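J.: For the sequence shown, counting from 1, position 142 maps to 141 in numbering that gives the first Met the number 0; every step adds exactly one.
Beta carbons are placed, not taken as given, at the ideal position from N, Cα and C, and that holds for glycine.
Source: prediction; values computed, not measured.
First, the structure itself, so that you have it in front of you.
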Amino acid sequence: MKSPAEIEALRRACAIADAAVQAGTDAIAVGRSEREPAIATYRKAISLGADNGRVAVFGYGSTVANMHGRLGERIMQAGELYFIEAVPQVYGYSGRIARPMAVEHVSDRHRAIAQRVVEIQDEFIAAMVPGAISGEIDRVARETMLREGLKKSYPQVSAYTLGYH
0 MKSPAEIEAL
10 RRACAIADAA
20 VQAGTDAIAV
30 GRSEREPAIA
40 TYRKAISLGA
50 DNGRVAVFGY
60 GSTVANMHGR
70 LGERIMQAGE
80 LYFIEAVPQV
90 YGYSGRIARP
100 MAVEHVSDRH
110 RAIAQRVVEI
120 QDEFIAAMVP
130 GAISGEIDRV
140 ARETMLREGL
150 KKSYPQVSAY
160 TLGYH
């Protein structure tokens, strides 16, 4: 059970996450450094009140498959994917949102994958009911993504606790 103050901290953190991802998305463009969306994401999160030092993780091009890639010196090209996961905190409570974005245009293949991932995510969210076990919820996404070949491996953990983690 969260107190009103905890709920407000979560709301603020989520609003910061939304704004930070939008700022990063707005900085994605062909010919720009892969660092520009990261700079925009961090600038927005910190300016809006995120109180943690690591407010986001990024991936571009070949690092998107790992989700938590490293920034390099690459220049963004049309058709590549850019991944932003904003994780700002307010008083230790985290608002988290992850989004892949296509640079300039989305291929039919990427569009189909995105649609299927949204469907899997909807199943995942529907499994989040009182008393559910996080490992069972995680399995909903993990097994489907691997079985359908949407990911070669799935090292990430999902369905973990809201707030401190």
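(1) Using three-state DSSP, classify Met75 as helix, strand or coil.
(2) To which residues of the same chain is Leu70 closer than 7 Å at the C-beta, ignoring the five residues directly before and after it?
(3) Whose CA, out of Ser93, Gln21, Ile27 and Ile132, lies closest to the CA of Leu9?
(4) Per DSSP, which residues does Arg98 bridge with? Please list them.
(5) Return the chain-ordered list of same chain residues with a C-beta closer than 6 Å to the C-beta of Gly97, the five sequence neighbours on each side being excluded.
(6) Who are the near neighbours of Val20 in its chain, counting only those whose CB is closer than 6 Å to its CB and skipping five residues on each side?
(7) Quick one: grab the DSSP three-state call for Gly52.
(8) So Arg54 packs on Ala44, CB below 8 Å; how close in whole Å?
(9) Let's see if you can read the secondary structure: which residues bound the alpha helix (DSSP H) around Ile132?
(10) At the level of alpha carbons, what is the spacing between Ile27 and Phe123?
(11) Do you know offhand how far Met127's Cα is from Asp121's?
(12) For Met100 and Thr24, I'd like the C-alpha separation in whole angstroms.
T.: Taking the geometry as given:
(1) coil
(2) Glu33, Arg34, Ala37 and Phe57
(3) Ser93
(4) Ile83
(5) Per the sequence presented here, residue 97 reads as Ala, with Gly not at that position. The answer, listed in chain order, is Glu84.
(6) Ile83, Ala85, Ile96 and Arg98
(7) coil
(8) Note on residue identity: the sequence assigns Val, not Arg, to residue 54. Confirmed, about 4 Å.
(9) Looking at the DSSP string, Ile132 is not in any alpha helix (DSSP H), and its letter there is neither H nor E.
(10) 29 Å
(11) 10 Å
(12) 7 Å
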